[in-house]
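Step one of this worksheet: look at the structure below.
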């Protein structure tokens, strides 16, 4: 048997892919334990052997007989009597070479081979063989996996030839290329010099663009240190080029925005681009705002374009402050208006050193300084101690100051001395200006359509000027609207107070008049005592006046002059009506409410009109009870003896209805009583007033022998007439 690795075979046979080798070895390892002690159709592992896609043979190493072949092997070799053949009939090596190779495989000296095998229909094929000895009972066989590598070897041979040809062509091409390169180098020497000159010109143009750019240009490395800057970068920061090149991004950004700057730089490192706004400090310490757009131009170089947006940011902050001030002013009331806050807002909007809010008197001439903002605390305290506090100080009319202001909405004076007048000498003004290093003075009127309500006076530091005149005038207009509203509310409050005082006075006078009428009627009833009809009429009229007197007395004493509690009203009215009758001393009177809410005063309230009708209704019902239930010596009785005379008035408040019950334990209603057509002026009046309340009235009399009594129930809607 001839080894496939001999020199004449080495050029065609080469190791197969590592994956195939691994699969072959793994298959042998998995299959070997399954072989039984005999080789036949039923040995364990037969199905795995038979149905496996790889070409497999089981060979007797003693004589080369093919003991078993799977379906893939039978299809590949296509010999009808494959199992009757020997391996030497397939392998193209000599019998000696085949026997030698089998002996090596049998003792596991060698497992991997390259052979040329004959097939029935495909001719001679190059194959790669993995062969291992396996024990089946007492016998040892060679378990072989065959891989057809014919096509692969053909491709490899073609590739080898192609490489030889390519190497030859490449050598020729390289030779030509070297010659062409030498020729090109000789011809383009002058062009390289021209290109170098053009690049220098381009660099100069680029540098002129960068140096002339209206934006600050910074080039930083991966650590954030500046490597290049343009003149605009120097101008907006106040640093020289040498100073900036010794600094990093963190040296310019304010400490509060270091985290923002780090996030910005990390985004550039990650995404190659980033944009954002942040605050920086100039060389003089001034805080200004940048809009920064950065991009990566290489792995360790980053380009930043910076625009100074301080004016825009300041305008945004001022607009925000103006909106916030509008919200505060809108919520102000006469009790909560904060003039100090108004002065501070005016100072912040304009950048003034000091701001004062002055309020004019009704005549529009004299004024009072309501508040100031910006004066150092120790100066303000010293002024208070010396009795020269400006806050709360009233200034009399000054024609010179009024003439200096004129009719303009905002007036700018170059200095405090130019505003001096008879009340404020120029010497004192210049002394104050010199002490505090003050410059121009700005006065903005606070006006409405009705006239001038006051002004906002601003003092600026020397060299500083009003920068936001429009914002100041808008704010002054907002303050004017607020002051006008507050003054209107104060005037309305005074009018309401005057109205309440007048209403109380009217109620007091009505109550006194009712008291006078009650007294006159009582005196008249006393004079006609003995004349039953006249006395009864006078007492009825007296009780009606008394009910109205009590009502107005309650309204006069209450904080709410158009409504009152039904229970509290009846609690005072009922006993006083009862006292008008001779039987009052022997009648037990009870005035009560139903429900916990009513007992705590949380319901049973009515407006004055309905309350007066309820009073008249109860007055008539109590009067009838005293006249007819307790007129004689009648007393209800039971097993335990006579029951004392009792009169009960109950108020009950329900969800939507109110109920008044007047009960007595007298003899009850007469048999001839007609509930629908009651006789007598009093009950007719009751019926009419119940109808006005959109209510209903019913009369109940149980006619019980021990305690007949009478109950009158009046119900009406709680919300009627509201």
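Numbering (our numbering), first residue to last: 33 to 754.
C-beta atoms are modelled at their ideal positions from N, C-alpha and C, and glycine is treated no differently.
Secondary structure of residue 689 (DSSP, three-state): strand. Where residue 88 is concerned, there is no enclosing alpha helix (DSSP H), although the beta strand (DSSP E) around it starts and stops at 87 to 91. Within its own chain, the residues whose Cβ lies closer than 7 angstroms to the Cβ of residue 700, once the five positions on either side in sequence are excluded, are 733, 735, 740, 741 and 742, listed in chain order. DSSP places residue 470 within a strand segment (E or B) once states are collapsed to three. For residue 371, same chain residues with a beta-carbon under 6 angstroms away, outside a window of 5 residues either side, are 389, 402 and 403 in chain order. Residue pairing by DSSP puts residue 98 in a beta bridge opposite 91. Judged by beta-carbon spacing, residue 658 lies beyond the 8 angstroms limit of residue 687, meaning their Cβ atoms are not closer than that value.
Contact between residue 341 and residue 318 fails: their C-beta atoms lie close to 14 angstroms from each other, not under 8 angstroms.
Selection 122, 196, 323 and 338 evaluated against residue 247 yields 338 as nearest (Cα-Cα). In the displayed model, residue 443 falls within a strand according to three-state DSSP. Rounded to the nearest angstrom, the gap between the Cα atoms of residue 639 and residue 712 is 28 angstroms. Following the DSSP letters along the chain, one finds residue 744 inside the beta strand (DSSP E) bounded by residues 742 to 749.
Here the C-alpha atom of residue 623 lies approximately 46 angstroms from the C-alpha atom of residue 520.
Within the segment 195 to 219, no run of alpha helix (DSSP H) at least 4 residues long lies entirely inside it. Under the three-state reduction of DSSP, residue 165 is assigned to strand. Looking from the CA of residue 472, the closest CA among 485, 505 and 382 belongs to 382.
Taking 8 angstroms as the cut-off, the Cβ atoms of residue 95 and residue 118 count as close. In the three-state scheme derived from DSSP, where H, G and I count as helix and E and B as strand, residue 610 is classed as helix. The way I'd put it, the segment 145 to 158 does touch the segment 120 to 131; three or more beta-carbon pairs between them come closer than 8 angstroms. The criterion of a C-beta distance shorter than 8 angstroms is not satisfied by residue 394 and residue 406. Proximity of the segment 256 to 265 to the segment 276 to 295 meets the contact definition, three or more beta-carbon pairs being nearer than 8 angstroms. Within the model, the alpha-carbon separation for residue 88 versus residue 108 is close to 10 angstroms.
Around the beta carbon of residue 606, a 10 Å sphere encloses 16 or more other beta carbons of the protein chains shown; the residue is thus reported as buried. The closest CA to that of residue 510, considering only 470, 492, 375 and 426, is found on 375. For residue 266, the uninterrupted alpha helix (DSSP H) run begins and ends at 263 to 269, by DSSP.
Pairing residue 750 with residue 643, the inter-Cα distance amounts to about 11 angstroms.
About 7 angstroms separates the beta carbons of residue 138 and residue 172, which is inside the 8 angstroms limit, making them a contact pair. Judged by DSSP secondary structure, residue 701 falls outside any alpha helix (DSSP H); it is assigned neither H nor E. The beta carbon of residue 745 is closer than 6 angstroms to those of 693 and 730 in its chain, skipping five residues each way along the sequence.
Taking residue 486 as the centre and dropping the five residues before and after it, the same chain places the C-beta of 390, 391, 392 and 478 closer than 6 angstroms to its C-beta, in chain order. Here residue 446 has 472 as same chain residues with Cβ atoms under 6 angstroms from its own Cβ, once five neighbours each way along the sequence are excluded. Counting only runs of 3+ residues, the beta strand (DSSP E) found wholly inside the segment 292 to 322 occupies 305 to 313, in chain order. Residue 330 sits in a strand when the DSSP states are folded into three classes. Distance from the Cα of residue 448 is smallest, within the candidate group 626, 463 and 306, for 463.
Contact check between the segment 318 to 332 and the segment 289 to 309: three or more CB pairs, one atom from each, fall below 8 angstroms, which counts as touching. Around the beta carbon of residue 322, a 10 Å sphere encloses 16 or more other beta carbons of the protein chains shown; the residue is thus reported as buried.
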